[in-house]
Amino acid sequence: MLPATNHTLEKLEMLLKTAGYKVRYEKGNFKTGACLLLNSKMIVVNRFSNLESKILALVELLRELEVDYKLLDDKQIAFLQEIKQTKLQL
């Protein structure tokens with residue numbers, strides 16, 4: 549699994565940004581660590597969640613999203629494939 553570090557969170561944010569999504573940190577009463585707003589490419593992350601919860605929430609969303617690989621560089625593609633493969637091993 550991914551280490552729970554600020555660097556990992558930054559890599560996830562950069563991957564989502566390159567894929568065309570905007571990540572915002574807001575307070576809210578949603579139960580999960582993040583949510584994807586319908587019909588927009590905006591992801592809202594609960595800013596009061598701890599680092600591990602933020603990372604897990606973004607990873608779960610990345611596993612479900614259809615990301616255009618043409619927008620990503622080679623390192624980001626490898627990182628995204630690693631994230632998606634982790635689900636297969638569980």
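According to the numbering used here, the sequence shown is numbered sequentially starting from 549.
For each residue, glycine too, the CB sits at the ideal point set by N, CA and C.
These figures come from a predicted structure and were not determined experimentally.
Spatial neighbours of residue i in its chain, beta-carbon cut-off 6 Å, leaving aside the 5 residues before and after
{"i": "V607", "result": "I631"}
Counted within 10 angstroms of its Cβ, other Cβ atoms place residue i as buried (16 or more) or exposed
{"i": "L610", "result": "buried"}
{"i": "N594", "result": "buried"}
{"i": "K565", "result": "exposed"}
{"i": "Y569", "result": "buried"}
{"i": "K623", "result": "exposed"}
Own chain partners of residue i with C-beta closer than 8 Å, once the 5 adjacent residues on each side are dropped
{"i": "L599", "result": "A552, T553, N554, L557"}
{"i": "F596", "result": "K575"}
Cut-off 7 Å between Cβ atoms - residues of its own chain near residue i, not counting five sequence neighbours on either side
{"i": "V592", "result": "R572, E574, G576, A582, C583, L585"}
{"i": "E561", "result": "V571"}
{"i": "T634", "result": "M549"}
7 Å Cβ cutoff met for residue i and residue j
{"i": "A567", "j": "L619", "result": "yes"}
Enclosing beta strand (DSSP E) for residue i [first to last residue]
{"i": "M549", "result": "Taken as a continuous stretch (DSSP letters only), M549 belongs to no beta strand (DSSP E), as it is neither H nor E."}
{"i": "L619", "result": "That residue, L619, is in no beta strand (DSSP E); it is neither H nor E in DSSP."}
{"i": "N554", "result": "Segment 554-566 is the alpha helix (DSSP H) holding N554; no beta strand (DSSP E) there."}
Terminal residues of the alpha helix (DSSP H) in which residue i lies
{"i": "K602", "result": "599-612"}
Nearest-angstrom Cβ-Cβ length linking residue i and residue j, presumed shorter than 8 Å
{"i": "L628", "j": "L563", "result": "6 Å"}
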